[in-house]
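Start counting the sequence shown at 1; every next residue gets the next number (UniProt numbering).
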Amino acid sequence: MPQPPAPPPDVSIVVPIYNEVDNLPELVERIAQAMAGQPQTFELLAVDDGSSDGSRARLRELAATRAWLRPVFLARNYGQSSALQAGFDRVRGRYVVTLDADLQNEPGDIPLLLQRLESDPDVDMVSGWRKDRQDAELSRKLPSRIANRLISGATGVHLHDYGCALKAYRRPIIDRIRLYGELHRFIPSLAREAGARIAEVAVRHHARTRGVSKYGIDRTFRVILDLILVVFFMRYRQRPLHAFGGLGLWLAAPGVLILLWLFGLKLLGHDIGGRLLLLVGVMLLLMGVQMIAAGLIGELLMRIYHEAGGAPQFHAEEYVPDRAPAPFSQAPAASESIA
Numbered sequence: 001m002p003q004p005p006a007p008p009p010d011v012s013i014v015v016p017i018y019n020e021v022d023n024l025p026e027l028v029e030r031i032a033q034a035m036a037g038q039p040q041t042f043e044l045l046a047v048d049d050g051s052s053d054g055s056r057a058r059l060r061e062l063a064a065t066r067a068w069l070r071p072v073f074l075a076r077n078y079g080q081s082s083a084l085q086a087g088f089d090r091v092r093g094r095y096v097v098t099l100d101a102d103l104q105n106e107p108g109d110i111p112l113l114l115q116r117l118e119s120d121p122d123v124d125m126v127s128g129w130r131k132d133r134q135d136a137e138l139s140r141k142l143p144s145r146i147a148n149r150l151i152s153g154a155t156g157v158h159l160h161d162y163g164c165a166l167k168a169y170r171r172p173i174i175d176r177i178r179l180y181g182e183l184h185r186f187i188p189s190l191a192r193e194a195g196a197r198i199a200e201v202a203v204r205h206h207a208r209t210r211g212v213s214k215y216g217i218d219r220t221f222r223v224i225l226d227l228i229l230v231v232f233f234m235r236y237r238q239r240p241l242h243a244f245g246g247l248g249l250w251l252a253a254p255g256v257l258i259l260l261w262l263f264g265l266k267l268l269g270h271d272i273g274g275r276l277l278l279l280v281g282v283m284l285l286l287m288g289v290q291m292i293a294a295g296l297i298g299e300l301l302m303r304i305y306h307e308a309g310g311a312p313q314f315h316a317e318e319y320v321p322d323r324a325p326a327p328f329s330q331a332p333a334a335s336e337s338i339a
């Protein structure tokens with residue numbers, strides 16, 4: 001008779017890996033030690049992001065004697081966001097934990113984050129704070145500080161350390177977000193947009209002893225570009241006309257005033273054909289109309305997206321006294337829309 005399927009674990013740990021072959025045996029062993037004294041069962045999803053240093057072969061060796069280790073191999077190097085999403089797509093636990101493979105995060109702090117989730121039902125995500133960072137390179141410390149200030153100020157999610165990979169989530173939050181590009185830096189902002197209540201816990205941090213850092217000052221500039229996308233996503237995803245149309249009105253209004261003033265001068269007999277102000281007024285009006293049109297097109301696309309069964313417009317939970325909370329539901333279908 002076929003064996004019944006094993007029950008899903010309580011905790012899914014997701015680790016993106018890129019050229020960390022020397023760290024893998026110690027990483028796997030320290031995660032096992034951290035979870036050994038915990039009441040929850042666990043699985044480790046080690047996502048190899050196209051490594052070229054033998055990490056894949058090492059993961060196969062380690063998984064041969066560890067049933068809880070689930071290696072995932074990407075076809076090529078897609079980036080950290082894609083590696084995390086590949087892991088998120090395969091998690092089975094009710095809690096999800098992430099950390100880096102370079103052993104700068106302390107696997108022994110995983111129970112600390114899980115304890116916060118278990119003890120506080122009002123918290124959906126616990127973000128690690130590397131309060132005493134051990135990075136020696138200014139090229140890592142300075143970009144991180146700049147990025148933390150920019151992201152906190154722009155998104156309104158105030159954390160000390162956005163860049164700490166050691167985080168824990170309740171499973172429904174992970175199911176609601178999608179990562180692509182380099183959005184892994186903005187997971188707290190995306191989680192907040194999905195309704196998560198976030199707490200921050202101080203965790204340990206270690207200096208890198210093996211491998212090579214993949215971070216540099218150039219990432220600060222990429223953060224700025226991604227931040228523009230995230231802010232737009234958080235504030236205007238469901239009302240793009242407010243973003244494009246608002247900017248369009250600010251451009252068109254002075255253009256209209258300029259043209260009205262020039263029209264008045266024309267009625268008084270003045271020559272306005274050679275004035276630079278005429279060109280400025282026409283350009284401002286045209287740019288404003290184009291922005292408003294872009295906003296209207298965005299509104300049409302959003303309506304098509306939601307009515308075709310895209311991402312839910314909101315997440316809701318029904319409270320039933322003396323019962324377990326009902327699972328989060330998606331937005332009602334178009335025929336059941338709320339007035």
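Virtual Cβ for every residue (Gly too), placed ideally from N, Cα, C. Remember, it's a predicted structure, so these values are computed and weren't measured experimentally.
Check: Considering only residues of the segment 153 to 241, which uninterrupted beta strand (DSSP E) runs meet the minimum length of 3 residues and lie entirely inside it, listed in chain order?
Finding: 167 to 170 and 198 to 203
Next item on the list: Note down the Cα distance separating E29 from V72, rounded to an integer number of angstroms.
Entry: Here the question's residue 29 lines up with position 29 in the sequence shown. Here the question's residue 72 lines up with position 72 in the sequence shown. Computed Cα separation, rounded: 18 Å.
Next item on the list: Count the other CB atoms, across all protein chains shown, that sit within 10 Å of the CB of L279; report buried if there are 16 or more and exposed otherwise.
Entry: Position 279 of the sequence shown holds residue 279. Result: exposed.
Margin query: Quick check: the segment 114 to 131 against the segment 176 to 183, are at least 3 beta-carbon pairs closer than 8 Å?
Written below: no
Notebook entry, point to check: Buried or exposed: which applies to H270, given that a residue is buried once 16 or more other Cβ atoms fall within 10 Å of its Cβ?
Noted result: Mapped onto the sequence shown, residue 270 falls at position 270. When all chains shown are included, H270 counts as exposed.
Notebook entry, point to check: Name the DSSP beta bridge partners of W261, please?
Noted result: Taking the sequence shown and counting its residues from 1, one reaches residue 261 at position 261. Per DSSP, none; premise fails for W261.
Note to self: Relative to the C-alpha of R90, which candidate in L229, G195, V201 and R171 has its C-alpha closest?
What the structure shows: Within the sequence shown, the letter at position 90 stands for residue 90. Per the Cα distances, R171.
Next item on the list: Check whether the Cβ atoms of G248 and V282 lie closer than 9 Å to each other.
Entry: Taking the sequence shown and counting its residues from 1, one reaches residue 248 at position 248. Taking the sequence shown and counting its residues from 1, one reaches residue 282 at position 282. No, they are not a contact pair.
Item checked: Three-way DSSP call (helix, strand, coil) for R275 in this model -> In the sequence shown, counting from the first residue as 1, residue 275 sits at position 275. Note: R275 maps to coil in three-state DSSP.
Notebook entry, point to check: Near V289, which residues of its chain fall below 8 Å by C-beta distance, leaving aside the five closest residues on each side in sequence?
Noted result: Taking the first residue of the sequence shown as position 1, residue 289 is located at position 289. So the list reads G248 and A252, once near-sequence residues are dropped.
Notebook entry, point to check: In angstroms, rounded to a whole number, what distance separates the CA positions of G246 and A83?
Noted result: As a first step, residue 246 must be located in the sequence shown, where it is residue number 246. As a first step, residue 83 must be located in the sequence shown, where it is residue number 83. Taking the straight line joining both Cα atoms gives about 37 Å.
Margin query: Let's see if you can read the secondary structure: which residues bound the beta strand (DSSP E) around P16?
Written below: Counting from one through the sequence shown, the residue named residue 16 turns up at place 16. Taken as a continuous stretch (DSSP letters only), the beta strand (DSSP E) holding P16 covers V11 to I17.
Note to self: When you compare the CB positions of L277 and L262, do they come within less than 9 Å of one another, or not?
What the structure shows: Locating residue 277 in the sequence shown gives position 277, where the first residue counts as 1. Locating residue 262 in the sequence shown gives position 262, where the first residue counts as 1. Yes.
Check: Should the segment 64 to 81 be regarded as contacting the segment 144 to 153, the criterion being three or more beta carbon pairs within less than 8 Å?
Finding: Here the segment 64 to 81 makes no contact with the segment 144 to 153; the two share fewer than three CB pairs at distances below 8 Å.
Check: According to DSSP, which residues form a beta bridge with T41?
Finding: In the sequence shown, the residue the question calls residue 41 occupies position 41. T41 is not bridged to any residue.
Margin query: With H, G and I counted as helix, E and B as strand and the rest as coil, what does DSSP make of W129?
Written below: Stepping through the sequence shown from its first residue, residue 129 is reached at position 129. In the three-state scheme derived from DSSP, where H, G and I count as helix and E and B as strand, W129 is classed as strand.
Note to self: For a quick check, are the C-beta atoms of A34 and R66 less than 9 Å apart?
What the structure shows: What you label residue 34 is simply residue 34 of the sequence shown in a count that begins at 1. What you label residue 66 is simply residue 66 of the sequence shown in a count that begins at 1. Not in contact: A34 and R66 (Cβ atoms no closer than 9 Å).
Next item on the list: Please go through the same chain and pick out, in chain order, the residues whose beta-carbon is closer than 6 Å to the beta-carbon of L166, but skip the five residues on each side of it.
Entry: In the sequence shown, residue 166 corresponds to position 166, counting from 1. L99, N105, G128 and V203, listed in sequence order.
Note to self: So for V21, helix, strand or coil by DSSP?
What the structure shows: In the sequence shown, counting from the first residue as 1, residue 21 sits at position 21. Correct three-state label for V21: coil.
Item checked: Outcome for S55 when other beta-carbon atoms lying within 10 angstroms are tallied against a minimum of 16 -> Locating residue 55 in the sequence shown gives position 55, counting from the first residue. Classification for S55: buried.
Item checked: D109 versus E200: straight-line alpha-carbon distance, rounded -> In the sequence shown, the residue the question calls residue 109 occupies position 109. In the sequence shown, the residue the question calls residue 200 occupies position 200. Those two C-alpha atoms are separated by around 13 Å.
Check: Candidates I151, L44 and G79: which alpha carbon is nearest F232's?
Finding: Against the sequence shown, residue 232 aligns to sequence position 232. Per the Cα distances, I151.
Next item on the list: Provide the residue(s) that pair with V94 in DSSP beta bridges, ordered along the chain.
Entry: For this step, residue 94 is matched to residue 94 along the sequence shown. Going by the sequence as given, residue 94 is Arg instead of Val. Bridge partners of R94: none, in fact.
Checklist line | V47 versus L257: straight-line alpha-carbon distance, rounded | finding: If you number the sequence shown from 1, residue 47 lands on position 47. If you number the sequence shown from 1, residue 257 lands on position 257. Distance between the alpha carbons of V47 and L257 is about 58 Å.
Next item on the list: Mind checking which residues open and close the beta strand (DSSP E) that includes P111?
Entry: By one-based count along the sequence shown, residue 111 stands at place 111. Premise fails: P111 lies in the alpha helix (DSSP H), I110 to S119, not in any beta strand (DSSP E).
Next item on the list: Assign A324 to one of two classes, buried (16 or more other C-beta atoms within 10 Å of its C-beta) or exposed (fewer than that).
Entry: Here residue 324 refers to the residue found at position 324 when the sequence shown is read from its first residue. With a pLDDT of 49 at A324, under the threshold of 50, the predicted position of this residue should be treated as unreliable, and no value is reported.
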